[in-house]
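Protein chains: 2
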Amino acid sequence: MFLKNIKSERIQILTYLLKWFALSIPVGLLIGSMVALFLWLLTTAIFFRFSHPYLLYFLPLAGVAIHFIYKFLGKSSEKGNNLIMDEIHQPGGGVPPQMGVLVLITTVITHLFGGSAGREGTAVQIGGSIAQLLAKWFKLSAIDVKTLLMAGIAAGFGAVFGTPLTGAIFAIEVIALGRLKYDAIIPCLFASIIGDFTVNAWGIPHTHYHIDFVETKDFFLAAYLHWDILLIFKIIIASVAFGLVSYVFATLVYRIKNIFISLFKIKWLIPFFGGIAIILLTFSVGKPDYLSLGVNAEYDGAITITSAFKAGGADTFSWLWKTIFTTVTLGTGFKGGEVTPLFYIGATLGNTLATFMDAPISLFAALGFIAVFAGATNTPLACTFMGVELFGGQYVLFFAIACFTAYFFSGHSGIYSSQRIGVPKL
Amino acid sequence: MFLKNIKSERIQILTYLLKWFALSIPVGLLIGSMVALFLWLLTTAIFFRFSHPYLLYFLPLAGVAIHFIYKFLGKSSEKGNNLIMDEIHQPGGGVPPQMGVLVLITTVITHLFGGSAGREGTAVQIGGSIAQLLAKWFKLSAIDVKTLLMAGIAAGFGAVFGTPLTGAIFAIEVIALGRLKYDAIIPCLFASIIGDFTVNAWGIPHTHYHIDFVETKDFFLAAYLHWDILLIFKIIIASVAFGLVSYVFATLVYRIKNIFISLFKIKWLIPFFGGIAIILLTFSVGKPDYLSLGVNAEYDGAITITSAFKAGGADTFSWLWKTIFTTVTLGTGFKGGEVTPLFYIGATLGNTLATFMDAPISLFAALGFIAVFAGATNTPLACTFMGVELFGGQYVLFFAIACFTAYFFSGHSGIYSSQRIGVPKL
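Listed in order, the protein sequences are those of chains Y and E.
For the first sequence, counting from 1, position 273 maps to 273 in our numbering; every step adds exactly one.
For the second sequence, counting from 1, position 18 maps to 1018 in our numbering; every step adds exactly one.
Spelled out as structure tokens, the structure:
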């Protein structure tokens, strides 16, 4: 009886494991390959704009082009990440197969002409649309379609940042605020690992970040404690700021969208004037640092995510400028994700706060990097793991403190309107 | 309006944060201090038995003493960790204040005479009973009592192993299988950090483990991939074994308990014959390695958790012997936790499997260490974090694969009968 019990339950689980391993191979390979193509095109577009800076002046026209591409070819694709989440909560018309290709092309266009946006939205939508397509081909059941969509999110996210575990946790965490369910974790892990492997196999590199802060033993009560209490207080204060900035970011995207909608009856004028706003903003800042992705430096001394890890690598209000540039770009219909700009906002804000509070700069840049993202997407656990996968495990306790504090201070909105509230924050 | 919105919500959250920070200070200090005392007494008892090995012959009498201590002073204390979980799910008579002291004394007695048991159960019960006591003094509301009990679990667990983040995640994860809710995470984090700080401040050290495996670049497809696929397959196969052993452990504790109950009408005969069984087992093995905690070596070349991280540091069936020793000890009424023996079983099984599969021994010992525990307690996320806190973040992906695979293969029972099923595994 004892052995029989083990057998029947375990064979079921083994079958489940093998089934999802088999399904993950095409899902991971296809999504990984498309993400690799996307990353390569994106980098090419970014460096092409660096050598042809006048392209920025065509941003308004690029916006109009994106508008019409979606109008004629997009169907429900325009809803992006939210549509994928809606399909996971309540299957409807499905994710249209063209979503992935459209968002790939329009994100590259956005970046080619200098729009401030990210990558993860694009990768997640590539993941969702490929997963839906494969689910149809394999004639999966409704519950399996849901799981495969989550695996698609995991593979897209894991592949685009080179963080497979974060991708898998993000996929199960982002669906609903305040709780996590494990039922889809194995398919998500398989798919994101294979997706990440595929990007690697295509030879696409990821950015490496480095925390150069090494805790010394000369802090308050160092003889008795192995952590610096004062540093933890500074981290909590900074993380409250990270959470508030997440809130401002999420709210601003909606508000800018609504303001532009109320201003312009003719829809294509919205991205047109959005593009003009970005041009004017660039003139008023006097430098192109807040355009596009913010990972690569257009010139020596440009403010990037990487520079924010060093003293003097960010201006006091870099985080604010990047918030404005990105919310205008995304609020007026340009394409791309929110996450890389959130990394930028967090890292530069971390830099600024560390300078004010006399705290280690690279550590605070790293904390801002993950915590602003955690607050804006309500995914504190995925972001804690992202800290470990990108920066190493030594400061995992600080990562968790930062992400959960920011999460509590970012309100219930977040950047994904289709995210459900599982357990309210208070 | 915008600013007002931020204000009212944020002030609520700030009040919440400050309130729980204030509550965490006495909780963390008291629990941390009592755990420090417990760890000190435990180590003293273990080394005293090393120099007086004949103490083992008094184990049956020690068992009878423990039985009567609980009979006359325990009230509902006997239910241990399960009672604390029940009180969190559905407040009842409360956790009796004497639970912490009783379990501390009886665990030290168990180890002094060579019973094979752990520490976390004791620490969690110390945490739960102190939290309940403080909740009463502070006249907290029912919902706050629940949160404080979880914070007590977090502080006890975080303090006993020196892993504050794992303690906090464990407390919110262990309550229900298959899902996680974030509402109590901040109080749990505060309490476990302060608890860990307190143990440190008392100068109590924790064991350090080290994975000496460094991945080289000579694996299959190394030119294209940054992880070794073959190694990941070996990890999945080993983790299935880790999960099955968790299942066997959890089931054996119940079965041995039931067998002894059916054999002996007179209750105190159960621990008496349990003690005799342990003595006979020690004779049949011919060495004392599977007695007590398994962390410190009684003699050079003894099999311990630490030795399992090195080639030749475990016998082929060490994991099975430790399973039998521990399930007999705990199933016949001795006191202590299950987790350190689970670490032992996992690390030695990892050692054995790595030898058979030609895999890195220290890595597999570490994976077994966390994965058998993950399977037996159904807390894969806490165990993944434990891997990061104890062994570093480099292999976090492997930790997650191992813990979640073991979790899925360990069945729905687990060692805590009061754990509820949040989301079934299949």
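Here a beta-carbon is modelled for each residue, glycine too, at the ideal position from N, C-alpha and C.
Q: Could you tell me which residues DSSP pairs with E/A1176 in its beta bridges?
A: Mapped onto the second sequence, residue 1176 of chain E falls at position 176. E/A1176 pairs with E/R1420.
**Q.** Y/G257 (DSSP reduced to helix, strand or coil)
**A.** As a position in the first sequence, residue 257 of chain Y is number 257, starting the count at 1. According to the sequence shown, residue 257 of chain Y is Lys rather than Gly. In the structure shown, Y/K257 sits in a helix (DSSP, three-state: H, G or I).
Q: Have a look at Y/G346 and Y/L381 and give me their C-alpha separation to the nearest angstrom.
A: For the purposes of this step, residue 346 of chain Y is taken as residue 346 along the first sequence, with counting starting at 1. For the purposes of this step, residue 381 of chain Y is taken as residue 381 along the first sequence, with counting starting at 1. Each residue's Cα considered, the two are about 17 Å apart.
Q.
List, in chain order, every chain E residue whose beta-carbon is nearer than 7 Å to that of Y/Q12.
A. For the purposes of this step, residue 12 of chain Y is identified with residue 12 of the first sequence, where counting begins at 1. Here the neighbours are L1426.
Q. Since E/Q1419 meets chain Y, which of its residues come closer than 7 Å, beta carbon to beta carbon?
A. Here residue 1419 of chain E refers to the residue found at position 419 of the second sequence. Per Cβ cutoff of 7 Å: no residues; E/Q1419 is ~14 Å from chain Y at best.
Q: Could you tell me which uninterrupted alpha helix (DSSP H) segments, each at least 4 residues in length, are contained entirely in the region 1079-1165 of chain E, listed from first to last along the chain?
A: 1080-1089, 1099-1112, 1120-1137, 1142-1161
Q.
For E/G1127 and Y/I194, I'd like the C-alpha separation in whole angstroms.
A. For this step, residue 1127 of chain E is matched to residue 127 along the second sequence. For this step, residue 194 of chain Y is matched to residue 194 along the first sequence. Distance between the alpha carbons of E/G1127 and Y/I194 is about 42 Å.
Q | Candidates Y/G114, Y/M150, Y/P96, of which the one nearest Y/L133 by Cα | A | Walking along the first sequence from the start, residue 133 of chain Y turns up at place 133. Closest option to Y/L133, Cα to Cα, is Y/P96.
Q: Buried or exposed for E/D1300, please, with buried defined as at least 16 other CB atoms from any protein chain shown within 10 angstroms of its CB.
A: By 1-based counting over the second sequence, the position of residue 1300 of chain E is 300. The residue is exposed, with fewer than 16 neighbouring Cβ atoms inside 10 Å.
Q. Per DSSP, which one or two residues make a beta bridge with Y/G337?
A. Numbered from 1 along the first sequence, position 337 holds the residue referred to as residue 337 of chain Y. Paired residues: Y/G118.
(Q) Between E/E1389 and chain Y, is the shortest Cβ-Cβ distance under 8 Å, so that the two count as touching? (A) Here residue 1389 of chain E refers to the residue found at position 389 when the second sequence is read from its first residue. E/E1389 counts as touching chain Y.
**Q.** Delimiting residues of the alpha helix (DSSP H) encompassing E/H1210
**A.** Here residue 1210 of chain E is taken as the residue at index 210 of the second sequence, counted from 1. Note, E/H1210: premise wrong, no alpha helix (DSSP H); not H, not E.
Q: Output yes or no for whether 8 Å exceeds the beta carbon distance between E/L1042 and E/V1199.
A: As a working mapping, residue 1042 of chain E is identified with position 42 in the second sequence. As a working mapping, residue 1199 of chain E is identified with position 199 in the second sequence. Not a contact, by the Cβ cut-off of 8 Å.
Q) Are any of the Cβ atoms in chain E nearer than 8 Å to that of Y/L37? A) Working through the first sequence from its first residue, we reach residue 37 of chain Y at position 37. No, no contact with chain E.
Q. DSSP state of E/K1234, grouped into three classes?
A. Taking the second sequence and counting its residues from 1, the one referred to as residue 1234 of chain E is at position 234. Helix at E/K1234.
Q: Determine the contact status of Y/V145 and Y/A135, defining contact as a CB-CB distance below 8 Å.
A: By 1-based counting over the first sequence, the position of residue 145 of chain Y is 145. By 1-based counting over the first sequence, the position of residue 135 of chain Y is 135. For Y/V145 and Y/A135, yes; Cβs fall inside 8 Å.
(Q) Taking the straight line between their C-alpha atoms, what separation do you get for Y/I232 and E/F1190? (A) Walking along the first sequence from the start, residue 232 of chain Y turns up at place 232. Walking along the second sequence from the start, residue 1190 of chain E turns up at place 190. If you take the alpha carbons of Y/I232 and E/F1190, they lie about 11 Å apart.
Q. With 8 Å set as the bound, which would you pick, yes or no: does the beta-carbon of Y/K234 sit closer than that to a beta-carbon of chain E?
A. As a position in the first sequence, residue 234 of chain Y is number 234, starting the count at 1. No, Y/K234 does not count as interfacial toward chain E.
Q: Could you check the C-alpha separation between E/E1338 and E/F1391 for me, to the nearest Å?
A: In the second sequence, residue 1338 of chain E corresponds to position 338, counting from 1. In the second sequence, residue 1391 of chain E corresponds to position 391, counting from 1. So the alpha carbons of these two residues sit roughly 21 Å apart.
(Q) Quick check: what's the CA-CA separation for E/F1021 versus E/A1154? (A) Residue numbering aside, residue 1021 of chain E sits at position 21 when the second sequence is read from its first letter. Residue numbering aside, residue 1154 of chain E sits at position 154 when the second sequence is read from its first letter. So the two alpha carbons sit approximately 14 Å from each other.
Q. What residue does the alpha helix (DSSP H) around Y/P60 start on, and which one ends it?
A. By one-based count along the first sequence, residue 60 of chain Y stands at place 60. Per DSSP, Y/P60 belongs to the alpha helix (DSSP H) from 59-73.
Q: Starting from Y/D196, follow the alpha helix (DSSP H) in both directions and report where the run begins and ends.
A: Within the first sequence, residue 196 of chain Y is the residue found at index 196, counting from 1. That run of the alpha helix (DSSP H) goes 185-201.
Q. Of the residues E/G1387, E/A1065, E/T1163, E/S1292, which one's Cα is nearest the Cα of E/S1362?
A. As a working note, residue 1362 of chain E is residue 362 in the second sequence. The option with the nearest alpha carbon to E/S1362 is E/G1387.
**Q.** Cβ-based burial, Y/P53 [other Cβ within 10 Å; buried from 16]
**A.** The sequence position of residue 53 of chain Y within the first sequence is 53, counting from 1. The residue is exposed, with fewer than 16 neighbouring Cβ atoms inside 10 Å.
Q) Going along chain E in order, which residues have a C-beta closer than 8 Å to the C-beta of Y/Q394? A) By 1-based counting over the first sequence, the position of residue 394 of chain Y is 394. Here the neighbours are G1392, G1393.
Q) Are there 16 or more other CB atoms within 10 angstroms of the CB of Y/G118, so buried, or fewer, so exposed? A) Translated into the one-based positions of the first sequence, residue 118 of chain Y becomes position 118. Buried, since its Cβ has 16 or more Cβ neighbours within 10 Å.
**Q.** Chain-ordered neighbours of E/K1079 on chain Y, where CB pairs are closer than 9 Å
**A.** The residue given as residue 1079 of chain E occupies position 79 in the second sequence. Simply none; closest approach about 26 Å.
**Q.** Y/Y254 versus E/G1158 - alpha carbon distance
**A.** Along the first sequence, read from residue 1 onward, the residue named residue 254 of chain Y stands at position 254. Along the second sequence, read from residue 1 onward, the residue named residue 1158 of chain E stands at position 158. If you take the alpha carbons of Y/Y254 and E/G1158, they lie about 41 Å apart.
Q: Identify every run of the alpha helix (DSSP H) within the region 1260-1319 of chain E, keeping only runs that are complete inside it and at least 4 residues long; order them along the chain.
A: 1269-1285
Q. Between E/S1318 and the rest of its own chain, which residues show a CB-CB distance below 6 Å, the 5 nearest in sequence each way excluded?
A. Taking the second sequence and counting its residues from 1, one reaches residue 1318 of chain E at position 318. The residues are I1303, T1348.
Q. Less than 8 Å separating the beta-carbons of E/T1379 and E/F1170?
A. Translated into positions along the second sequence, residue 1379 of chain E becomes position 379. Translated into positions along the second sequence, residue 1170 of chain E becomes position 170. In contact: E/T1379 and E/F1170 (Cβ atoms closer than 8 Å).
Q) Name the chain E residues whose beta carbon is nearer than 7 Å to that of Y/T179? A) Mapped onto the first sequence, residue 179 of chain Y falls at position 179. The amino acid occupying residue 179 of chain Y in the given sequence is Arg; Thr does not appear at that position. In chain order: R1179, L1180, K1181, Y1182.
Q.
Check whether chain E comes within 8 Å of Y/A400, counting only Cβ atoms and requiring the distance to be less than that.
A. Walking along the first sequence from the start, residue 400 of chain Y turns up at place 400. So yes, Y/A400 belongs to the interface.
Q. Looking at the structure shown, is Y/K19 part of a helix, part of a strand, or coil, going by DSSP?
A. Residue numbering aside, residue 19 of chain Y sits at position 19 when the first sequence is read from its first letter. Residue state, collapsed to three classes: helix.
Q.
By the three-class DSSP mapping on this structure, what secondary structure does Y/K425 have?
A. Walking along the first sequence from the start, residue 425 of chain Y turns up at place 425. Coil, per DSSP.
Q) What do you get for E/F1213, buried or exposed, if any count of 16 or more other CB atoms within 10 angstroms of its CB means buried? A) For this step, residue 1213 of chain E is matched to residue 213 along the second sequence. Under this definition E/F1213 is a buried residue.
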